[in-house]
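**Student:** Attaching a single structure in structure tokens format; questions to follow.
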Amino acid sequence: MLKKIYHYLAGDSLSYSFEHRVFNLTSFIIMVFGMQAAILNYLIGLHIVTVWLAISGSVVSASLFYLSRVRKWFTATTIFVFITATIFVLGGSYFYNGGSSSPVLYFLFVLLNIFLLIASRKHQLLIYGLLAGAILALLLLEYYFPEMVVPYSSFEERMTDHITLLIYCPLFTMVVIVLFRRSYDWEQEMVLRQKQKLEEVNRITTEKNEYIESLIRELHHRVKNNLQIVSGLLSLQSNRLQDNNARMALEEGKTRVDAIAMIHQKLYMDNALATVNIEEYLSNLSSSLANSFGYDAACIHTDIRLNNHSMGIDMAIPIGLIVNELVTNSFKHAFQETTEPRIVVSLQERQEKLLELTVADNGKGLGDPEKLKDSDSFGMKLLRILVEQINGAMTIRQDAGTAFTIEIRA
């Protein structure tokens, strides 16, 4: 029953904040107190002004209760309107109710604590200044103008006024403290529940992510294994061919498959599942190609100058195939008359979103660069397709060897 009355007067915790509920309850209690004070002041024979001040305070509180509880108008303005009305009503009651002999100051101190509790931090100092200043002003006015104070007509009248207000003040304070504690406990419970839910969601998400990662690693592992099977089949088939051109074609196909398989091997072995370290990949690829053609791996130098060496497979695979094609071409055709063969594979970041890939050797030239660029050979056709795939532009120059430079818009 009491809980229903409380929710009806203060509002539920979902629609009203703690401060809003305290304000609703405060305005309602002061409204009731004002009506009872008007009746009691009249019955015990206090000055008629105190009766009208109590009625006016009750009307103001009722109006603010309606605006706050029903219309949900709760702002800093609402609080300051309430404070101003409180100062005027209780200030008048102070002089017509015995001055410092009355319990009005008790009530002002209680309201000061309530308003400080419900106000925002930026307004608390101002509220304290207003109410503390009002209390000090009342005491100073009584000190310098004692004739302004209308005293109690009897000791019984004074005691009745004190007892009435002393019943209300502790009760009012207790209600607010209980409300604050219940709100605090409820918020703590909600935080704990949300924390538990988040921890459970995080645990489930972590398990799903680990499962997905294991699936992706297994996928890369199986792709690598299948590509190695294809590479092995191409190698077996090339060994059975008598025609040198056919054998070389299969060997070139095998190196292309190995270049792709190497990426998938790195993907399932490294922590990253969608990117590879392009420096390690190109270095390993170059060394593997050198060994497959019988050259020392030291004859190939890789120079990678990127802000971030991690590269997505959509870019890494075409770049790997381009390097594979150009390095293979150098080993096949460039070094018949070169005693110290050397190949440089360079990938640099020239500016934001602009990469420059260069593969250069010190072997014999391959003829006119323009004719070479427009060649109908399978290798050059594949090279043009791969360059187009990565949104690149290729240039060829011949100067103490052959250099292929590809600008890539990343």
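The sequence shown begins at 139 in the working numbering and counts up by one.
Using N, Cα and C, we set each Cβ at its ideal position, and we do this for glycine too.
Can residue 439 and residue 482 be called in contact, C-beta distance under 8 angstroms?
**Tutor:** Sequence index remark: in the sequence shown, residue 439 carries index 301 (1-based). Sequence index remark: in the sequence shown, residue 482 carries index 344 (1-based). Going by C-beta atoms, residue 439 is nearer than 8 angstroms to residue 482.
**Student:** Whole-angstrom Cβ separation of residue 246 and residue 228, contact assumed at under 8 angstroms?
**Tutor:** The sequence position of residue 246 within the sequence shown is 108, counting from 1. The sequence position of residue 228 within the sequence shown is 90, counting from 1. Contact between residue 246 and residue 228 holds: CB atoms are separated by about 6 angstroms, below the 8 angstroms threshold.
**Student:** Pull up the CB-CB distance for residue 520 and residue 463, whole angstroms please, since I reckon it's below 8 angstroms.
**Tutor:** Counting from 1 along the sequence shown, the entry for residue 520 is found at position 382. Counting from 1 along the sequence shown, the entry for residue 463 is found at position 325. Contact between residue 520 and residue 463 holds: CB atoms are separated by about 6 angstroms, below the 8 angstroms threshold.
**Student:** Would residue 411 and residue 457 qualify as a contact pair, given that the criterion is a beta-carbon distance under 8 angstroms?
**Tutor:** Residue mapping note: residue 411 aligns to position 273 of the sequence shown, counting from 1. Residue mapping note: residue 457 aligns to position 319 of the sequence shown, counting from 1. The Cβ atoms of residue 411 and residue 457 do not sit closer than 8 angstroms to each other.
**Student:** Taking 8 angstroms as the limit between beta carbons, can you name the residues of its chain near residue 414, skipping five residues before and five after?
**Tutor:** On the sequence shown, residue 414 is found 276 positions in, with the first residue counted as 1. Result list for residue 414: 401, 404, 405, 408, 448, 449, 451 and 454, in chain order.
**Student:** Confirm, please, whether the CB-CB distance from residue 225 to residue 272 is below 8 angstroms.
**Tutor:** Translated into the one-based positions of the sequence shown, residue 272 becomes position 134. Translated into the one-based positions of the sequence shown, residue 225 becomes position 87. Yes, Cβ-Cβ distance for residue 272 and residue 225 is below 8 angstroms.
**Student:** May I ask you to list the residues that DSSP assigns as paired with residue 542?
**Tutor:** As a position in the sequence shown, residue 542 is number 404, starting the count at 1. Answer by DSSP bridge pairing, in chain order: 497 and 534.
**Student:** Which value, in whole angstroms, describes the spacing of the CA atoms of residue 474 and residue 503?
**Tutor:** One-based indexing of the sequence shown puts residue 474 at position 336. One-based indexing of the sequence shown puts residue 503 at position 365. Whole-angstrom Cα-Cα distance: 11 angstroms.
**Student:** For the region 191-240, list the beta strand (DSSP E) runs that are entirely contained and at least 3 residues long, ordered along the chain.
**Tutor:** With a minimum length of 3 residues, no continuous beta strand (DSSP E) run stays inside the region 191-240.
**Student:** Going by C-alpha to C-alpha distance, which of 393, 352 and 360 sits closest to residue 372?
**Tutor:** Here residue 372 corresponds to residue number 234 of the sequence shown, with the count starting at 1. Measuring from the Cα of residue 372, the nearest candidate turns out to be 393.
**Student:** Considering residue 334, what are the terminal residues of the alpha helix (DSSP H) in which it resides?
**Tutor:** Position 196 of the sequence shown, counting from 1, holds the residue named residue 334. Its alpha helix (DSSP H) spans residues 293-378.
**Student:** Can you list, in chain order, the stretches of the alpha helix (DSSP H) that have 4 or more residues and sit fully within the region 382-416?
**Tutor:** Listed in chain order, the complete alpha helix (DSSP H) runs (minimum 4 residues) inside the region 382-416 are 382-407.
**Student:** Determine, using beta carbons only, whether residue 522 and residue 499 come nearer to each other than 8 angstroms.
**Tutor:** Locating residue 522 in the sequence shown gives position 384, counting from the first residue. Locating residue 499 in the sequence shown gives position 361, counting from the first residue. Not closer than 8 angstroms, so no.
**Student:** Kindly give me the distance between the Cβ atoms of residue 310 and residue 186, rounded to whole angstroms, as I take these residues to be in contact under 8 angstroms.
**Tutor:** For the purposes of this step, residue 310 is taken as the residue at position 172 of the sequence shown. For the purposes of this step, residue 186 is taken as the residue at position 48 of the sequence shown. The Cβ separation is near 26 angstroms, so there is no contact.
**Student:** Roughly how far, in whole angstroms, is the beta-carbon of residue 487 from the beta-carbon of residue 443, given that I think they are within contact range, below 8 angstroms?
**Tutor:** Against the sequence shown, residue 487 aligns to sequence position 349. Against the sequence shown, residue 443 aligns to sequence position 305. Residue 487 to residue 443, Cβ: 6 angstroms. Contact.
**Student:** Output needed for residue 191: all residues of its chain with C-beta closer than 6 angstroms, excluding positions within five of it in sequence on either side, in chain order.
**Tutor:** By one-based count along the sequence shown, residue 191 stands at place 53. Taken in chain order, the residues that qualify are 227, 230 and 231.
**Student:** Any chance the region 290-297 sits against the region 246-259, with 3 or more Cβ pairs inside 8 angstroms?
**Tutor:** Counting Cβ pairs under 8 angstroms, fewer than three are found: no touch.
**Student:** On the three-pair Cβ rule with 8 angstroms, is the region 202-222 touching the region 172-179?
**Tutor:** no
**Student:** Can you tell me whether DSSP reads residue 490 as helix, strand or coil?
**Tutor:** Here residue 490 corresponds to residue number 352 of the sequence shown, with the count starting at 1. Residue 490: coil per DSSP, three-state reduction.
**Student:** In the DSSP assignment, what are the bridge partners of residue 440?
**Tutor:** Residue 440 sits at position 302 when you count from the first residue of the sequence shown. Residue 440 pairs with 483.
**Student:** Return the chain-ordered list of same chain residues with a C-beta closer than 7 angstroms to the C-beta of residue 529, the five sequence neighbours on each side being excluded.
**Tutor:** Here residue 529 refers to the residue found at position 391 of the sequence shown. Result list for residue 529: 546 and 547, in chain order.
**Student:** Roughly how many angstroms separate the alpha carbons of residue 196 and residue 344, rounded to a whole number?
**Tutor:** Working through the sequence shown from its first residue, we reach residue 196 at position 58. Working through the sequence shown from its first residue, we reach residue 344 at position 206. One C-alpha to the other measures close to 59 angstroms.
**Student:** Assuming residue 149 is part of the beta strand (DSSP E), what are its boundary residues?
**Tutor:** Translated into the one-based positions of the sequence shown, residue 149 becomes position 11. No beta strand (DSSP E) contains residue 149, which DSSP labels as neither H nor E.
**Student:** Is it buried or exposed for residue 153, if we count other Cβ within 10 angstroms and need 16 for buried?
**Tutor:** Numbered from 1 along the sequence shown, position 15 holds the residue referred to as residue 153. When all chains shown are included, residue 153 counts as exposed.
**Student:** State the beta-bridge partners of residue 259 as determined by DSSP.
**Tutor:** Walking along the sequence shown from the start, residue 259 turns up at place 121. Note: residue 259 sits in no beta bridge, so no partner.
**Student:** Please tell me whether residue 321 and residue 156 are closer than 8 angstroms, where the distance is taken between their beta carbons.
**Tutor:** Here residue 321 corresponds to residue number 183 of the sequence shown, with the count starting at 1. Here residue 156 corresponds to residue number 18 of the sequence shown, with the count starting at 1. It is a contact, given that the beta carbons lie within the stated cut-off.
**Student:** Less than 8 angstroms between the C-beta atoms of residue 366 and residue 399, yes or no?
**Tutor:** As a working note, residue 366 is residue 228 in the sequence shown. As a working note, residue 399 is residue 261 in the sequence shown. A Cβ-Cβ contact shorter than 8 angstroms links residue 366 with residue 399.
**Student:** For the alpha helix (DSSP H) that residue 165 lies in, which residues bound it at each end?
**Tutor:** For the purposes of this step, residue 165 is taken as the residue at position 27 of the sequence shown. Per DSSP, residue 165 belongs to the alpha helix (DSSP H) from 156-182.
**Student:** For residue 421, which three-state DSSP category applies?
**Tutor:** Within the sequence shown, numbered from 1, the residue matching residue 421 stands at position 283. It is helical.
**Student:** Is the beta carbon of residue 467 sitting closer than 8 angstroms to the one on residue 432?
**Tutor:** Locating residue 467 in the sequence shown gives position 329, counting from the first residue. Locating residue 432 in the sequence shown gives position 294, counting from the first residue. No. Outside cutoff.
**Student:** If you drop the 5 nearest sequence neighbours on each side, which residues of the same chain put their C-beta closer than 6 angstroms to that of residue 395?
**Tutor:** Position 257 of the sequence shown, counted from the start, is the residue given in the question as residue 395. For residue 395, where only same-chain residues beyond five positions count, the Cβ hits under 6 angstroms are 365, 368 and 369.
**Student:** Can you tell me whether DSSP reads residue 448 as helix, strand or coil?
**Tutor:** The residue you call residue 448 lines up with position 310 of the sequence shown. Here residue 448 sits in strand by DSSP.
**Student:** Measuring CA to CA, which of 189, 182, 397 and 158 is closest to residue 173?
**Tutor:** Counting from one through the sequence shown, the residue named residue 173 turns up at place 35. It is 189 whose Cα lies nearest to the Cα of residue 173.
**Student:** Starting from residue 286, follow the alpha helix (DSSP H) in both directions and report where the run begins and ends.
**Tutor:** For the purposes of this step, residue 286 is taken as the residue at position 148 of the sequence shown. From DSSP, residue 286 is part of no alpha helix (DSSP H); its letter is neither H nor E.
**Student:** Roughly how many angstroms separate the alpha carbons of residue 290 and residue 147, rounded to a whole number?
**Tutor:** Numbered from 1 along the sequence shown, position 152 holds the residue referred to as residue 290. Numbered from 1 along the sequence shown, position 9 holds the residue referred to as residue 147. Cα to Cα, residue 290 sits roughly 35 angstroms from residue 147.
**Student:** Got a sec, what are the start and stop residues for the alpha helix (DSSP H) residue 516 sits in?
**Tutor:** Your numbering for residue 516 matches position 378 in the sequence shown. Looking at the DSSP string, the run of the alpha helix (DSSP H) that includes residue 516 is 516-527.
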